[in-house]
Amino acid sequence: MTESLDSTREAAWRAYIEASQRLYTQLEEDLRAESNLSFADYHVLVLLSEAPGQRLRMGELASRLIFSPSRLTYQISSMQRRGMVSKEPCPDDRRGSEAVLTAAGLLALRDAAPHHLASVRTHLMDDLDDAEVACLTRVFGRIGDRLRASRSGSTTHATS
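Numbering (full-length UniProt numbering), first residue to last: 1 to 160.
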């Protein structure tokens, strides 16, 4: 049987879960109200805007978004219908596909970004001092690295 959390760790866990859910919900609501984009839409647009040629292979994009292939297909299809992205064959491997940022998608991102940044500042960053920002970066960077390594290790073992 797994050992229970002590009261301090249980309080930290509950505070994290409740605050992170409230924060995500608030950021999503603000983003939708200002730009009619979902958080997933925005994240796709950011990742594509930062990628070379503003395009990413579908598998790479799914991995970066932490989406299953079917969830990414649904997401990209929805964004294609709204003209924000296109889906094209990979130039170097015709079996694969790439998601490509369109001019309309870039414009939507540019319009949404200032409002989203203001929301992030208002609901998170402006309430933290430099030491707290450094601590969050260190803690979540370490946890993210461990979870990525664990996932890639389990994927490797599953396919071996």
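Quick reminder that beta carbons are idealized off the backbone N, C-alpha and C, glycines included.
Original post:
Is it true that the CB of L56 sits closer than 7 Å to the CB of A99?
Top reply: Reading the sequence shown from its first residue, position 99 is the one you call residue 99. Reading the sequence shown from its first residue, position 56 is the one you call residue 56. The answer is yes: Cβ separation under 7 Å.
Subject >> Where R110 falls: helix, strand or coil (DSSP) >> reply: The residue you call residue 110 lines up with position 110 of the sequence shown. Three-state DSSP puts R110 in a helix.
Subject >> Runs of alpha helix (DSSP H) wholly within the UniProt domain "HTH marR-type" (1-145) (minimum 4 residues, chain order) >> reply: 7-35, 39-50, 58-65, 69-81 and 103-123
**OP:** Report back the beta-carbon spacing between L23 and L128 to the nearest angstrom; my notes put them in contact at under 8 Å.
**Re:** Mapped onto the sequence shown, residue 23 falls at position 23. Mapped onto the sequence shown, residue 128 falls at position 128. Contact doesn't hold; Cβ gap of about 12 Å is too wide.
**OP:** Look at the alpha carbon of L106 and the alpha carbon of E3, and state the distance between them as a whole number of angstroms.
**Re:** In the sequence shown, counting from the first residue as 1, residue 106 sits at position 106. In the sequence shown, counting from the first residue as 1, residue 3 sits at position 3. About 49 Å.
Original post:
From this set, P89, L48 and G53, which residue's C-alpha is nearest A62's C-alpha?
Top reply: Within the sequence shown, residue 62 is the residue found at index 62, counting from 1. Cα-wise, what sits closest to A62 is L48.
Original post:
Under 7 Å between the Cβ atoms of L101 and Q26?
Top reply: Here residue 101 refers to the residue found at position 101 of the sequence shown. Here residue 26 refers to the residue found at position 26 of the sequence shown. Against a cut-off of 7 Å, the Cβ pair of Q26 and L101 comes out as no contact.
Original post:
Exposed or buried, which one is L136 when buried takes at least 16 other CB atoms within 10 Å?
Top reply: Taking the first residue of the sequence shown as position 1, residue 136 is located at position 136. So L136 counts as exposed.
Original post:
Can you tell me whether Q21 is buried or exposed, with buried defined as 16 or more other CB within 10 angstroms of its CB?
Top reply: Position 21 of the sequence shown, counting from 1, holds the residue named residue 21. By the 10 Å Cβ count, Q21 comes out exposed.
Original post:
So A104 and G83 are in contact, right, with Cβ under 8 Å, and what is the actual spacing, rounded?
Top reply: In the sequence shown, the residue the question calls residue 104 occupies position 104. In the sequence shown, the residue the question calls residue 83 occupies position 83. Confirmed, Cβ separation roughly 4 Å.
Original post:
Roughly how many angstroms separate the alpha carbons of R138 and L117, rounded to a whole number?
Top reply: For this step, residue 138 is matched to residue 138 along the sequence shown. For this step, residue 117 is matched to residue 117 along the sequence shown. R138 and L117: Cα-Cα distance of roughly 21 Å.
Original post:
Looking only at its own chain, which residues have a Cβ that is under 7 Å from the Cβ of H32, when we skip the five neighbours before and after it?
Top reply: Start at 1 with the first residue of the sequence shown, and residue 32 comes out as number 32. Note that residue 32 is Arg in the sequence shown here, rather than His. Excluding sequence neighbours, R32 sits near S38.
Subject >> Same chain, Cβ closer than 6 Å to D30, five either side skipped, listed in chain order >> reply: Here residue 30 corresponds to residue number 30 of the sequence shown, with the count starting at 1. The answer, listed in chain order, is S119.
Original post:
Is DSSP giving S150 helix, strand or coil here?
Top reply: The sequence position of residue 150 within the sequence shown is 150, counting from 1. Helix, per DSSP.
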